[in-house]
Amino acid sequence: MSVSSACTSGSDALGIAHAMIESGVADLVLAGGAEAPICPLLFAAFDRLTMMPTCFNATAATASRPFSADRAGFVLGEGSAVFVLESAKREVLIANAYFVATPATRMAITAAARRCVHVVVLTNGVETSDTPGMSLLGRAHYAELFAANADAKRCPNADAGVEIWEWQGKAAGDPRQTQGLLHAKFAVVDGEVALVGSFNLDPRSEHLNSESAIVFENPALAAQLARTFRDRDLLTSRRIEPAEAATFERPAQVFQRFRQEFAGLFEDQL
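Counting from 1 along the sequence shown, just add 35 to a position and that's the residue number in our numbering.
Shown next as structure tokens:
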């Protein structure tokens, strides 16, 4: 596939590749961009538009200075970059404070589970969240995520499918909460690649907020983050079973149901 959208062609190609993997169309995509503008026609066109600097002809190597006060245009260059985007193969660990899974997120998680990937999601419970209405809204999507486990039963690995845990801030058996809310936002893929940042898995972060995240491929660091997730975070959390998740779509308590339905009116903004 070839994408031609001027300056954003390479970025658009990466976005399309990401969407293909996220939707399950492909498990691996080679994507990138190339720029080869140095030819007489383009050079003459940009020169006629007075976009080419002419005041640094004697010192051409210093002409490219995009952030300098005395910049006088841009310098044509050539180059390319190609990335291999690959889907998870074994395991995805997700810790996210505000988990209101959008359709795209739900599709990615269920597609991974059906590919026999072990997906573990950890988020705040209603009891520990500072925005319990969001937690109630997020819970309404649990049953859809668990539905992928029916297909995962055919997988050779027994741990294939979706697990969901809710942060309690205390170990099982402790009489009271000893830790505050979960505020982490990270993910570990196959024990080798990790993402850490401010991005919440909710519609607001996906469409409105200005968020940032770092993705790094460092097996040692990713493994350390995975150990923290399993050996510390899950010990102070509670695993949600599919039968319980089925009751979350319509809470039995009237007040909880009201809060969930009220939050649902603004789901695109939360």
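Note that the Cβ used here is the ideal one computed from N, Cα and C, for glycine as well.
Whether residue i touches residue j by CB criterion (7 Å)
| i | j | result |
| --- | --- | --- |
| A148 | V224 | no |
| T163 | L216 | yes |
| L111 | I73 | yes |
| K205 | Q212 | yes |
| R273 | Q214 | no |
| S245 | G232 | no |
| A104 | P88 | no |
Under the three-state DSSP convention, the category residue i falls into
| i | result |
| --- | --- |
| H176 | coil |
| S272 | strand |
| L230 | strand |
| G168 | helix |
| I129 | strand |
| F81 | helix |
| N192 | coil |
| A48 | helix |
| F251 | strand |
Cutoff 7 Å: residue i Cβ touching any chain D Cβ
| i | result |
| --- | --- |
| T213 | The structure shown contains no chain D; it holds only a single protein chain. |
Where the alpha helix (DSSP H) through residue i begins and ends
| i | result |
| --- | --- |
| R141 | P138 to R149 |
| F283 | P277 to F283 |
| V186 | As written in the sequence, residue 186 is Asp, which differs from the Val given in the question. From DSSP, the alpha helix (DSSP H) with D186 extends over N184 to A187. |
Strand pairing of residue i, partner residues [DSSP]
| i | result |
| --- | --- |
| K124 | DSSP lists no partner for K124. |
| V197 | V154 |
| V135 | DSSP lists no partner for V135. |
| N159 | W202 |
First through last residue of the beta strand (DSSP E) which encompasses residue i
| i | result |
| --- | --- |
| E70 | L63 to E70 |
| A258 | Segment P254 to T263 is the alpha helix (DSSP H) holding A258; no beta strand (DSSP E) there. |
| F221 | K220 to V224 |
* **the segment 174-184 / the segment 269-288 touching (three or more Cβ pairs under 8 Å)** => Three or more Cβ pairs closer than 8 Å define a contact, and the segment 174-184 meets that threshold against the segment 269-288.
* **Any 3 or more C-beta pairs closer than 8 Å across the segment 133-144 and the segment 250-265** => By the Cβ test, the segment 133-144 is not in contact with the segment 250-265, since fewer than three Cβ pairs between them sit closer than 8 Å.
* Asked: Three or more beta-carbon pairs under 8 Å between the segment 56-65 and the segment 77-92, yes or no?
  -> As far as the Cβ criterion goes, the segment 56-65 does not touch the segment 77-92, which means the pair count is below three.
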